[in-house]
Amino acid sequence: MLTRERLFVSGSRTKDPAQHGAEPSVDRVASARPVLRPIPRWVIAAGVPVMVLTAAGAAWLFLGRGVTRDQLDALRTAGAFGIGLGGVVGLWLAVRRQRSAELDLLQKYEAHELAVRAMEHNELDARERRLNELYLKAVEQLGSDKAAVRTGGVYALERVAHDNPGLRQTVVDVVCAYLRSPYTSPGSLRPRRLGVKRPLSAAASARVRSSSRAHGGPSVAVVGDDGGLQEREVRTAAQRLLARHLRPGLRPTPASTFWEGINIDLTGATLIDFELRDCQVGEAEFARAKFVGAAWFSGARFTSDAVFSWAQFSGGAGFFGVQFGKDAWFYETGIAGDVRFEGAKVAGVSWFTRTQFGGSANFEKVKFGDRAWFGGATFASGSRFTEAEFARGATFAGAKFVGDASFFAARFGIDAEFERTQFAGDVTFGKAKFARHAEFSGAKSKSIPDFADAQFSIKSRVGVTGFPELDWLDLATSSSHSESEAVQFTGKTPPADAEFARPDPPDWREG
Numbered sequence: 000m001l002t003r004e005r006l007f008v009s010g011s012r013t014k015d016p017a018q019h020g021a022e023p024s025v026d027r028v029a030s031a032r033p034v035l036r037p038i039p040r041w042v043i044a045a046g047v048p049v050m051v052l053t054a055a056g057a058a059w060l061f062l063g064r065g066v067t068r069d070q071l072d073a074l075r076t077a078g079a080f081g082i083g084l085g086g087v088v089g090l091w092l093a094v095r096r097q098r099s100a101e102l103d104l105l106q107k108y109e110a111h112e113l114a115v116r117a118m119e120h121n122e123l124d125a126r127e128r129r130l131n132e133l134y135l136k137a138v139e140q141l142g143s144d145k146a147a148v149r150t151g152g153v154y155a156l157e158r159v160a161h162d163n164p165g166l167r168q169t170v171v172d173v174v175c176a177y178l179r180s181p182y183t184s185p186g187s188l189r190p191r192r193l194g195v196k197r198p199l200s201a202a203a204s205a206r207v208r209s210s211s212r213a214h215g216g217p218s219v220a221v222v223g224d225d226g227g228l229q230e231r232e233v234r235t236a237a238q239r240l241l242a243r244h245l246r247p248g249l250r251p252t253p254a255s256t257f258w259e260g261i262n263i264d265l266t267g268a269t270l271i272d273f274e275l276r277d278c279q280v281g282e283a284e285f286a287r288a289k290f291v292g293a294a295w296f297s298g299a300r301f302t303s304d305a306v307f308s309w310a311q312f313s314g315g316a317g318f319f320g321v322q323f324g325k326d327a328w329f330y331e332t333g334i335a336g337d338v339r340f341e342g343a344k345v346a347g348v349s350w351f352t353r354t355q356f357g358g359s360a361n362f363e364k365v366k367f368g369d370r371a372w373f374g375g376a377t378f379a380s381g382s383r384f385t386e387a388e389f390a391r392g393a394t395f396a397g398a399k400f401v402g403d404a405s406f407f408a409a410r411f412g413i414d415a416e417f418e419r420t421q422f423a424g425d426v427t428f429g430k431a432k433f434a435r436h437a438e439f440s441g442a443k444s445k446s447i448p449d450f451a452d453a454q455f456s457i458k459s460r461v462g463v464t465g466f467p468e469l470d471w472l473d474l475a476t477s478s479s480h481s482e483s484e485a486v487q488f489t490g491k492t493p494p495a496d497a498e499f500a501r502p503d504p505p506d507w508r509e510g
C-alpha cells in the first residue's frame with residue numbers, strides 16, 4: 000500500500016500526483032481513511048478461559064462453605080454486574096463491526112468513484128488523441144496534390160473546429176495560411192486598371208511555369224491550367240468556411256455556427272469574389288492582398304484594426320454599413336472598380352493616403368470618429384462625401400479629383416485641409432459646415448466651386464488662394480454664419496466683373 004510519502008517517479012524526477020493533476024490510486028485513497036485495528040486472537044483465547052475460571056472460583060469460594068444471606072446478595076450483585084459488563088462489551092463489539100462495515104463500504108464507494116474518474120480521464124485522453132489525429136490528417140489533406148482531397152481537408156478542419164471551440168482560432172489560422180499560399184487566378188487576364196500590370200500571355204506563362212519547375216520554384220496555379228480552376232474551387236470553399244462561421248446572425252442570440260472572437264490574417268492572400276457580409280471579426284489583416292472579382296464587406300463589424308494597406312481590388316468593393324471598431328487602414332490601396340462606403344462608421348483614424356480609386360467612390364453619410372486622411376489620393380471618377388461627418392477634421396492635401404466631387408452638407412469638426420487639391424470636374428461644398436479652419440491654399444479647380452449656403456463658425460479661418468476665380472465677397476454674403484465679419488478670408492478677392500473661366504489645368508490628371 001502506497002503512503003503519502005511514497006510518490007511515483009517519472010524519468011529522474013519525483014513528482015506528487017496531487018500537484019501535477021495525476022489520478023490518485025485506490026490504495027492511496029484507502030490509506031487516507033482511518034482503519035479499525037482487529038482484536039488480537041490471543042486476547043480472545045486468553046480472556047475467555049480467565050473469565051470462566053474466575054467465575055468458577057468465585058462460585059466455589061462462596062458455595063463451598065456456608066454462605067450467609069448478605070454474601071448471597073453480594074454474589075447476585077456481582078453476577079448482575081458481570082452480565083451488564085458483558086452486554087457493554089457485546090454492544091461495543093457490535094458498534095465496532097458496524098463502523099468497520101461502514102468504512103469498508105466507504106472505501107469501496109471511493110474506489111468506484113476513482114475508477115469512474117480514471118475511466119473519464121482515459122476517455123478524455125482518447126478523445127484528445129483522436130482530435131489531434133483528425134486535425135493532423137486534415138492539415139495533411141490540405142497539402143495533397145489532389146484538389147478533391149484538399150477540399151475534404153477544408154471541411155475536416157471545419158468539423159474539428161465546430162466540435163472543439165478551443166481550436167477554432169487555430170483552424171482559422173491554418174485556413175488563412177492556406178489562402179496566403181502562392182496562387183494565380185485563372186481569371187487574371189481581364190483588363191486591370193490603376194496601373195496594375197497585366198499577366199503574361201499563355202506562351203509566356205508556360206515558359207515561366209516550366210522555368211519555375213526546372214529551378215524548384217513554388218508550384219502555383221497559372222492561367223490556362225486545369226489545376227488552377229480546381230484550386231479556385233478549393234479556395235472558394237475555404238473562403239466560404241470563414242464567412243459561414245464569422246457571421247453572428249440575428250441579435251441578441253448568436254447563431255450556433257458563429258465563432259466569436261476570431262482574428263484573421265490574410266496578408267498577401269489571393270481572394271476570389273471574397274465576401275464577409277454581416278460578419279464580425281476581431282483583428283483583420285488584408286495588407287497586400289489581391290481581391291479578384293468583387294469584394295463584399297457590407298454590414299461587417301471589425302472590433303479591432305482593419306488593415307487593407309497596399310491591397311489591390313481588381314473589381315468593385317462594397318463597404319457600406321461597415322463598422323470599424325478602431326482604425327481603418329487603406330494606405331496606398333488600389334481599387335479598380337466602384338467602391339461604396341455609404342453609412343459606414345469608423346471609430347478610429349481613417350487612412351486613405353495615396354489610395355487609388357479607379358471607379359466611383361461613395362462615402363455618403365460616413366461617420367469618421369477620428370481624423371480622416373486622404374492626402375495624395377486619386378479619384379479617377381466621381382466621388383461623393385455627401386453628409387459625411389468628419390469629427391476631427393479631414394486632410395485632402397494633394398488629392399486629385401478627376402471626376403465630380405461632392406461635399407454637400409458635409410461636416411468638418413476641426414479643420415478641412417485641401418491644400419494643393421486638384422479638382423477637374425464640378426465640386427460642391429453647398430451647405431457644408433466648417434467648425435474651425437478651412438484651408439484651400441494652392442488648390443486648383445477647372446470649374447467654380449459651389450459654396451452655396453455653406454456654414455462657417457465664428458472662429459473660422461478660410462485660406463482661399465487656390466481659387467482666385469471665385470467671388471469670395473459673394474461667398475461671404477451667401478454662406479451662413481453668426482457674424483460674417485468674424486470670418487477671415489485670406490485669399491485675394493477679385494472685382495465683381497472678374498473673369499471666372501480659365502484654361503484647363505496642366506497634365507496633372509495624367510500625373
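With numbering that gives the first Met the number 0 as the guide, the letters of the sequence shown map in order to residues 0 to 510.
Quick reminder that beta carbons are idealized off the backbone N, C-alpha and C, glycines included.
A quick note: this is a predicted structure, and the numbers were derived from the prediction, not measured.
Item: DSSP three-state assignment for Asp264, whether helix, strand or coil; Value: strand
Item: Euclidean distance between Cα positions of Tyr108 and Met118; Value: 15 Å
Item: Cα-Cα separation, Arg370 to Val153; Value: 41 Å
Item: Length-filtered (4 minimum) alpha helix (DSSP H) runs lying within the region 130–183; Value: 146–162, 167–179
Item: Burial state of Lys145, where buried means 16 or more other Cβ atoms lie within 10 Å; Value: exposed
Item: Terminal residues of the beta strand (DSSP E) in which Thr269 lies; Value: 269–271
Item: Own chain residues within Cβ distance below 8 Å of Ser255, not counting five before or after; Value: none
Item: Chain-order list of residues whose beta-carbon lies under 8 Å from that of Leu178 (same chain, five-residue window excluded); Value: Arg234, Ala237, Gln238, Leu265, Ala268, Thr269, Leu270
Item: DSSP-derived helix/strand/coil call for Phe450; Value: coil
Item: Proximity to Ala451 [Cα-Cα], best of Arg167, Arg250, Phe285, Ala408; Value: Ala408
Item: Helix, strand or coil at Val321 according to DSSP, with G and I counted as helix; Value: coil
Item: Cα-Cα separation, Gly298 to Phe455; Value: 34 Å
Item: Residues near Gly314 by beta carbon distance below 8 Å, same chain, minus five either side; Value: Phe290, Val291, Gly292, Ala293, Ala294, Ala335, Gly336
Item: Inter-residue spacing [alpha-carbon to alpha-carbon] between Gly324 and Leu141; Value: 33 Å
Item: Span of the beta strand (DSSP E) around Phe407; Value: From DSSP, Phe407 is part of no beta strand (DSSP E); its letter is neither H nor E.
Item: Where Leu84 falls, given that 16 or more other Cβ within 10 Å makes a residue buried; Value: exposed
Item: Beta strand (DSSP E) segment containing Val348, residue limits; Value: Neither: Val348 is in no beta strand (DSSP E) and is coded neither H nor E.
Item: Other residues of its chain near Val159: CB distance less than 8 Å, five sequence neighbours each side excluded; Value: Leu130, Leu133, Tyr134, Ala137, Leu166, Val170
Item: Beta-bridge pairing of Ser382 - partner residues as DSSP gives them; Value: Ala360, Ala404
Item: Beta carbon of Ala390 nearer than 8 Å to that of Gly368; Value: yes
Item: Of the listed residues Asp449, Asp272, Ala310, Arg276, nearest to Gly248 (C-alpha basis); Value: Arg276
Item: Continuous beta strand (DSSP E) stretch holding Phe290: start and end; Value: 289–291
Item: Extent of the continuous beta strand (DSSP E) run through Ala335; Value: Counting along the chain, Ala335 falls outside any beta strand (DSSP E), and DSSP gives it neither H nor E.
Item: Reference Asp272, options Arg300, Lys443, Gln279, Ala242, closest by Cα; Value: Ala242
Item: Neighbour-count burial assignment, Asp449, 16 or more Cβ in a 10 Å radius; Value: buried
Item: Under the three-state DSSP convention, the category Arg391 falls into; Value: coil
Item: Distance between Lys344 and Ala387 (C-alpha atoms, nearest Å); Value: 10 Å
Item: Pairwise C-alpha distance: Glu157 and Asp403; Value: 47 Å
Item: For Trp372, three-class secondary structure by DSSP; Value: strand
Item: Gly342 and Gly320 closer than 8 Å at C-beta; Value: yes
Item: Nearest neighbour of Thr427, chosen from Ser440, Ser446, Glu418 [CA to CA]; Value: Ser446
Item: Rounded straight-line distance, which links the Cα of Leu228 to that of Ser349; Value: 37 Å
Item: Close beta carbons around Thr377, own chain, < 6 Å, minus the five adjacent residues each side; Value: Gln355, Lys399
Item: Limits of the unbroken beta strand (DSSP E) element including Glu416; Value: 414–416
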